[in-house]
Amino acid sequence: MKKILLLFACCFIAIHTFSQTDEKKWNLGLHGGLMQYSGDLGRGFYKTDQAAYGFAGVSFSRYLGRHFDASLFFTRGEFGYIQRNQPLNELGNPNSFLVRTNTANLIARFYFTTPNTILRPYIFAGAGTIWYEAVYNIKHERFEFSVPTFGGGLNIRMGDVVSLNLQESFLYTSTDNIDYKNAGSDNDMILFHTAGLTFNMGKKHDEDKDGVVDKNDKCPATPVGAAVDKTGCPVDSDGDGVADYLDSCPQISGIASLAGCPDKDMDGITDKEDRCPDVVGPKELKGCPDSDKDGIVDTDDKCPGTKAGYKVDAAGCTYDNDKDGIMNEEDRCPDLAGSLSLKGCPDKDVDGVSDLDDLCPAIKGTIENKGCPEMAKEDILRITLIASKIYFETNSAKLKLISNTQLDDLSEILKKYDGVNLTIEGHTDSDADDAYNQTLSQKRTESVRDYLVSKGIDASRLTAIGYGETRPIADNKTAAGKAKNRRVELKTSY
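Mapping of the sequence shown onto the numbering used here: residues 3 to 496, in sequence order.
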C-alpha cells in the first residue's frame with residue numbers, strides 16, 4: 003500500500019511540474035495495449051507465437067516548449083513467456099513464467115513538428131521503476147529500475163483537446179532473473195505496444211492579461227493596462243506606428259523617436275516643447291534659432307546683429323559700462339566715458355592723446371611727445387652743456403665733485419618735464435683693451451644714473467648704456483682726439 007501511495011505521489015508531482023501545449027498546458031492520457039518480453043528464455047518482441055498479455059495505463063504530461071514535453075507514464079498489466087517442449091529447466095523451474103507488473107516512468111519527449119500540426123511524431127527517453135506483485139511465480143513482491151526507458155510514437159491531433167496516441171516503449175530492466183534465468187550478458191527487456199487517447203486540460207491562457215487569449219494574441223507581451231484591439235495588439239489611435247500607451251501625443255500623428263509626437267521643423271524637439279515649432283533651433287534654446295550666436299534667441303534678441311564673441315545682456319545687446327556709446331569689447335577704457343576718436347578713452351588735457359597713453363595727462367602736450375609739452379630750447383641746450391661737463395676720476399667711475407652741480411641742474415630739468423626719459427651714453431678713447439673700456443664706460447653711465455635717482459628721478463626714466471671705444475668722434479691718435487672721445491652724451495625722448 004505504501005508503494006502505491008508513493009507512485010500516486012509521483013504522479014501528483016508530475017502533474018504540477020510538466021505541461022503539454024502552449025495554450026492548454028496539462029494533458030491526461032488513457033492507454034491500453036500489449037506487453038512482450040525479451041530475455042534469456044527467448045526474444046519475444048514482435049512475435050505472434052506467444053500468448054497476448056495486456057496492460058492499461060495512464061499518463062500525465064506538461065508542455066515544456068514547442069518541441070518538448072515531459073510525461074509520467076503509469077501502467078498495470080501482465081507479461082510472460084512460454085518455452086515450448088521444455089517443461090523444466092536445469093534448476094527444476096519451469097521454462098515459462100508469468101508476472102503481474104506495475105511501472106512508473108518519467109520521460110522527456112522530443113517532437114519533430116510543432117503543436118499546431120495534425121501529425122506529431124516523437125522520440126523519448128527516461129527512466130522509472132517496476133513493481134512486481136507477489137502472484138503467480140513470484141512469492142514475494144519485488145522492485146527494480148527500468149534504466150533506460152526509450153522509444154517513439156505518434157500523436158494524431160483530433161481537435162484542440164483530444165489526440166490519438168500510438169507509442170512503442172522499451173524498458174530495460176536493472177536485473178536479469180525475472181524469467182528465473184541469468185544466462186546472458188544483457189538484462190531482461192519489456193516492450194509496450196500502446197494505443198490511447200490524450201486530453202489537453204487547463205484554461206486558455208492570457209499571459210499579458212489583455213483579454214485576448216494567447217492563441218489569438220498577435221502581441222502576447224503587451225504591458226498590463228495597455229488598451230488593445232481584438233488581435234491583442236496595442237491601440238494606435240493616430241496611426242503613427244506608436245502605440246497609445248507609449249505615445250506622448252496619442253491623438254496627433256508624430257515620430258516614433260519622439261514618443262509619437264510631431265516635430266514640424268524637424269529639429270529633434272517636439273512641437274509641444276518647441277518655443278519656435280516652425281523654425282529650426284537647438285535643443286538647449288528650446289528649439290529657437292540664435293542667428294548671431296550670442297545665447298539670446300532671435301525672438302527675444304533686441305540687438306540681433308551682435309558680433310561673435312561679444313558679451314550681451316538679457317535683451318541680446320552688448321554692454322557699455324561707461325554709457326559713451328562704445329561697446330565694451332571696442333572700448334579701450336570701458337569704465338571711463340570717452341570719445342570715439344580715442345576709442346572710448348578720456349583726454350583731460352584735450353591734447354589729442356588719451357589719458358591712458360598720455361605721459362603728461364594733466365598738461366597739454368603734443369601727440370609726438372605722447373601728450374607731453376615740447377622742451378624749451380634753452381633746456382635742450384642746457385642738457386647738452388651739462389653732458390660736456392660731467393667728469394670722472396682717472397680710470398675710475400667715480401664722479402668728480404665738480405660734476406655734482408651739473409647733475410643737480412639736470413635733475414631739476416627732468417623734474418620739470420616728467421614725461422621725458424633720459425638715455426645716458428658713455429664713451430672712452432682707445433687706450434687700454436676693449437673689454438676694459440667697455441666695462442669702464444658702462445660703470446660711468448651707471449654712476450650718473452644712480453646720482454640722478456638719489457635726487458628723486460624715477461629709475462624707470464633712466465637708461466644707462468656704455469659703448470666703450472666703439473663710437474669715436476675724433477682721431478684716437480692725438481691727445482685732442484682722445485679727449486673728445488672720452489665723453490658722456492645725454493639724449494631725451496618720450
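Virtual Cβ for every residue (Gly too), placed ideally from N, Cα, C. Note that this is a predicted model, so its numbers are computed, not measured.
In terms of residue numbering, what span does the beta strand (DSSP E) encompassing residue i cover?
i	result
Q253	From DSSP, Q253 is part of no beta strand (DSSP E); its letter is neither H nor E.
K493	R489 to S495
Y174	V164 to T175
E331	It is not in any beta strand (DSSP E) - E331 carries neither H nor E in the DSSP assignment.
L199	M191 to M203
V149	R144 to R159
R102	S98 to Y113
T465	L464 to G468
F126	L121 to Y134
L66	Y55 to G67
Would a C-beta distance cut-off of 7 Å place residue i and residue j closer than the cut-off?
i	j	result
G340	P348	yes
G297	C290	no
K288	P279	no
A389	E491	yes
L66	L108	no
D326	G307	no
D240	Q253	yes
Y447	A466	For the record, residue 447 in the displayed sequence is Thr; it is not Tyr. A contact, by the Cβ cut-off of 7 Å.
L100	G79	no
G256	D246	no
G262	D276	no
S171	V149	no
S356	L342	no
D300	S293	yes
Using C-beta distances below 6 Å, list every residue in its chain close to residue i, excluding the 5 sequence neighbours before and after it, in chain order.
i	result
S413	L454, K457 and I459
T200	N29, G31, S165 and N167
D477	G483
I180	D190
N139	F99
D381	I415
A197	G35 and L168
K479	none
I385	L492
My guess is that residue i and residue j are in contact by the Cβ rule of under 8 Å, so how many angstroms apart are they, rounded?
i	j	result
F76	G56	Not confirmed; about 15 Å, so no contact.
A223	P236	So it is not a contact: roughly 10 Å between Cβ atoms.
Q52	I84	6 Å
N423	R463	5 Å
T151	A127	7 Å
F147	T131	6 Å
Q408	I392	6 Å
G154	I125	5 Å
T116	R68	5 Å
L401	F394	6 Å
R497	Y134	Residue 497 is absent from the structure shown; the chain starts at 3 and stops at 496.
N202	K26	4 Å
G421	C374	3 Å
K372	L361	5 Å
C251	G234	About 24 Å separates the two Cβ atoms, so there is no contact after all.
A110	F70	7 Å
With a CB to CB cut of under 8 Å and the five nearest residues on each side skipped, what residues in its chain are close to residue i?
i	result
G311	E331
A364	K350 and D351
G324	In the sequence as presented, Gly is not what sits at residue 324; that position holds Asp. Closer than 8 Å at the Cβ level, and outside the excluded window around D324, lie D333, C335, P336, D337, L338, A339, G340 and G346.
P264	C251, I254, S255, G256, I257, T272 and D273
L7	Low per-residue confidence applies at L7: pLDDT is 38, beneath 50, and the placement is therefore not dependable, though the value from the model is reported in the following sentence. No residues qualify anywhere along the chain.
Skipping 5 residues on each side, what residues in its chain have a beta carbon closer than 7 Å to that of residue i?
i	result
I475	K486 and N487
L501	Absent from the model: residue 501. The displayed extent of the chain is 3 to 496, so no value can be given.
K285	G270 and I271
R489	H429
H142	A136
I15	Unreliable positioning characterises I15 in this predicted model, as indicated by a pLDDT of 33, which lies under 50. A coordinate reading is not provided.
F114	P123 and Y124
K295	A310
How far does the alpha helix (DSSP H) with residue i in it reach, from first residue to last?
i	result
D71	D71 -> not in any alpha helix (DSSP H); beta strand (DSSP E) instead, spanning F70 to I84.
T386	K379 to A389
Q408	L403 to K418
N423	Premise fails: N423 lies in the beta strand (DSSP E), N423 to H429, not in any alpha helix (DSSP H).
N29	That residue, N29, is in no alpha helix (DSSP H); its beta strand (DSSP E) goes W28 to S40.
A437	D436 to S456
Could one say the Cβ of residue i lies closer than 7 Å to chain D's Cβ atoms, at least one of them?
i	result
D452	No chain D is part of this structure, which consists of one protein chain only.
For the ligand NAD, any of its heavy atoms closer than 6 Å to the Cβ of residue i?
i	result
G46	Annotation note on the ligand NAD: not contained in the displayed structure, which lists no ligands.
How about the stretch 176 to 190 and the stretch 209 to 217: do they share at least three Cβ pairs that are nearer than 8 Å?
Contact between the stretch 176 to 190 and the stretch 209 to 217 is absent, because fewer than three Cβ pairs lie under 8 Å.
Three CB pairs or more closer than 8 Å across the stretch 464 to 479 and the stretch 436 to 449:
Touching, per the Cβ criterion.
Given 8 Å, three or more beta-carbon pairs between the stretch 403 to 422 and the stretch 431 to 441
By the criterion of at least three beta-carbon pairs nearer than 8 Å, the stretch 403 to 422 is not in contact with the stretch 431 to 441.
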